[in-house]
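Chains as they are written, first to last, in the numbering used here: chain A, 12 to 256; chain B, 802 to 878. Ideal Cβ positions, reconstructed from N, Cα and C, are used throughout, including at glycine. Fair warning: this is a prediction, and the values are worked out from it, not measured in the lab. Reviewing the structure listed below.
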Amino acid sequence: MSWTWFHRLGSPPYIYNLAARLTPWFAWPAALLMLGGLYDGLVLSPPDYQQGDGFRMMYVHVPTAYLSVMIYTTMAICAAVGLIWRIKVAHAVAASCAPIGASITLCALVTGSLWGAPMWGTYWEWDPRLTSELILLFLYLGYMGLRSATEDVQRADRISAVLAIVGVVNVPIIHFSVVWWNSLHQGSTLLRADGPAIATSMLIPLLMMLLGFTLFFVAVLLVRLRGEILSRERSASWIREAVTP
Amino acid sequence: MKTLSDFLDMGGYAGYIWPSYVLTFLVVVLNVVWARRLLARSREEARRRLAMRSGGGAAGTGGAGGTAAPTQAGEAT
Numbered sequence: 012m013s014w015t016w017f018h019r020l021g022s023p024p025y026i027y028n029l030a031a032r033l034t035p036w037f038a039w040p041a042a043l044l045m046l047g048g049l050y051d052g053l054v055l056s057p058p059d060y061q062q063g064d065g066f067r068m069m070y071v072h073v074p075t076a077y078l079s080v081m082i083y084t085t086m087a088i089c090a091a092v093g094l095i096w097r098i099k100v101a102h103a104v105a106a107s108c109a110p111i112g113a114s115i116t117l118c119a120l121v122t123g124s125l126w127g128a129p130m131w132g133t134y135w136e137w138d139p140r141l142t143s144e145l146i147l148l149f150l151y152l153g154y155m156g157l158r159s160a161t162e163d164v165q166r167a168d169r170i171s172a173v174l175a176i177v178g179v180v181n182v183p184i185i186h187f188s189v190v191w192w193n194s195l196h197q198g199s200t201l202l203r204a205d206g207p208a209i210a211t212s213m214l215i216p217l218l219m220m221l222l223g224f225t226l227f228f229v230a231v232l233l234v235r236l237r238g239e240i241l242s243r244e245r246s247a248s249w250i251r252e253a254v255t256p
Numbered sequence: 802m803k804t805l806s807d808f809l810d811m812g813g814y815a816g817y818i819w820p821s822y823v824l825t826f827l828v829v830v831l832n833v834v835w836a837r838r839l840l841a842r843s844r845e846e847a848r849r850r851l852a853m854r855s856g857g858g859a860a861g862t863g864g865a866g867g868t869a870a871p872t873q874a875g876e877a878t
């Protein structure tokens with residue numbers, strides 16, 4: 012079996028060019044899915060029998076909350092790959108994930124708070140789900156702070172990777188917090204043993220939003236990754252080709 | 802049939818729904834803007850470095866990362 016494909020994945024020029032080629036294939040479907048999900052979610056889907064139109068918060072809260080955890084997991088896996096196999100591109104991916112993840116986590120927290128206010132009667136509670144999600148935001152910020160405080164890029168890669176890997180313990184805590192503890196937050200609607208507990212007319216826009224946000228993340232990640240690779244590989248001669256207009 | 806003001810009122814939840822959607826929209830747009838700005842800045846910086854180096858005369862003195870590319874770069878120019 013040939014391993015060239017694997018080695019190519021560790022090659023900065025290959026990844027730089029691949030990222031440039033792939034970006035539109037993620038960006039345009041993301042835009043279409045998000046616009047479609049927005050229209051379907053705000054206009055077409057019927058009001059909830061309990062929450063009325065308040066449930067429409069779901070179409071921005073659930074995708075951002077899911078992304079906040081998904082991006083962190085991606086970041087930690089890439090950091091681990093970079094640390095174990097010393098692959099520079101993997102560290103570059105991890106570093107590119109952090110600012111996207113931090114902003115999305117903040118968005119999940121604020122939209123959740125704005126959903127909690129009318130439904131629970133409070134913007135914030137030191138509830139297991141809410142608290143672990145807040146810790147996730149601090150993990151992202153800590154990761155970014157650690158990187159920017161460490162001048163040598165390779166050292167920053169190693170130190171921040173350790174933080175990212177240790178912090179991954181928070182991911183199952185976020186997911187299972189509503190099961191393990193008595194939480195204000197409702198349980199999982201989609202990932203259930205007995206199948207999604209949601210009407211199809213509400214599920215379809217949610218799935219469009221979930222897929223749209225995922226593709227959006229990949230598109231933004233690919234753009235950031237190219238910038239990250241360029242700034243790391245200043246001395247490499249392939250860059251002349253990459254930056255010549 | 803729902804009127805526009807009914808829609809905007811969101812069954813009384815307008816004060817919660819619309820700020821959430823506006824914030825999410827801003828986060829999405831800003832992520833795109835920031836990512837593009839990062840890439841543009843990195844390209845600009847790389848271009849400046851190359852210009853400085855070619856001014857000094859020695860091009861292609863890259864380290865380990867540059868060993869795979871010289872033939873490619875030669876073909877393109």
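- Cβ contact annotation for Met220 of chain A (same chain, cutoff 8 Å, sequence separation greater than five): Leu44, Met45, Gly48, Leu49, Gly52, Tyr70, Val71, Val73, Pro74, in chain order.
- Annotation: Cβ neighbours of Thr825 of chain B in chain A (cutoff 7 Å, chain order): Val71, Thr75, Cys118, Thr122.
- Contact check for Met86 of chain A against Ala109 of chain A passes: the beta carbons are separated by less than 8 Å.
- Ranked by Cα distance from Val121 of chain A, the first of B:Ser821, B:Leu809, B:Arg837 is B:Ser821.
- Contact of Ala105 of chain A with chain B by beta-carbon distance below 8 Å is absent, the smallest such distance being about 15 Å.
- When C-alpha distances from Met213 of chain A are compared across A:Val180, A:Met68, A:Ala119, A:Ser143, the shortest belongs to A:Met68.
- Spanning the alpha carbons of Gly132 of chain A and Val823 of chain B requires a straight line of approximately 22 Å.
- Taken in chain order, the complete alpha helix (DSSP H) segments of 4 or more residues contained in the region 24 to 103 of chain A are 69 to 96.
- Using beta-carbon distances, Met86 of chain A does not count as an interface residue toward chain B, since no partner is under 8 Å.
- Secondary structure at Thr15 of chain A: helix, using DSSP grouped into helix, strand and coil.
- Between Leu226 of chain A and Gly856 of chain B, the alpha-carbon positions lie close to 42 Å from each other.
- Apart from the 5 residues on each side of it in sequence, Glu144 of chain A sits with its Cβ closer than 8 Å to the Cβ of Ala76, Ser79, Thr116, Ala119, Leu120, Gly123, Ile185 in its chain, given in chain order.
- Contact between Leu851 of chain B and Arg251 of chain A holds, with the beta-carbon distance rounding to 6 Å and staying under 8 Å.
- Here DSSP, grouped into helix, strand and coil, assigns Asp205 of chain A to coil.
- Annotation for Gly153 of chain A: the continuous alpha helix (DSSP H) segment containing it runs 139 to 160.
- In the pairwise beta carbon analysis, the region 192 to 210 of chain A is classified as not touching the region 803 to 814 of chain B: fewer than three pairs are separated by under 8 Å.
- With a threshold of 8 Å between beta carbons, Ile115 of chain A makes contact with chain B.
- For His186 of chain A, the enclosing alpha helix (DSSP H) begins and ends at 181 to 191.
- Short of 6 Å from the beta carbon of Pro139 of chain A, and not among the five residues preceding or following it, lie these beta carbons of its own chain, in chain order: Ser188, Trp192, Ser194.
- With contacts defined as CB atoms closer than 8 Å, Gly178 of chain A and Leu148 of chain A fail to qualify as a contacting pair.
- When only Cα atoms are considered, Leu839 of chain B and Ala91 of chain A end up about 24 Å apart.
- Cβ-Cβ separation between Glu239 of chain A and Ala106 of chain A: approximately 6 Å, consistent with a contact (criterion under 8 Å).
- Collapsing the DSSP output to three states places Gly178 of chain A in a helix.
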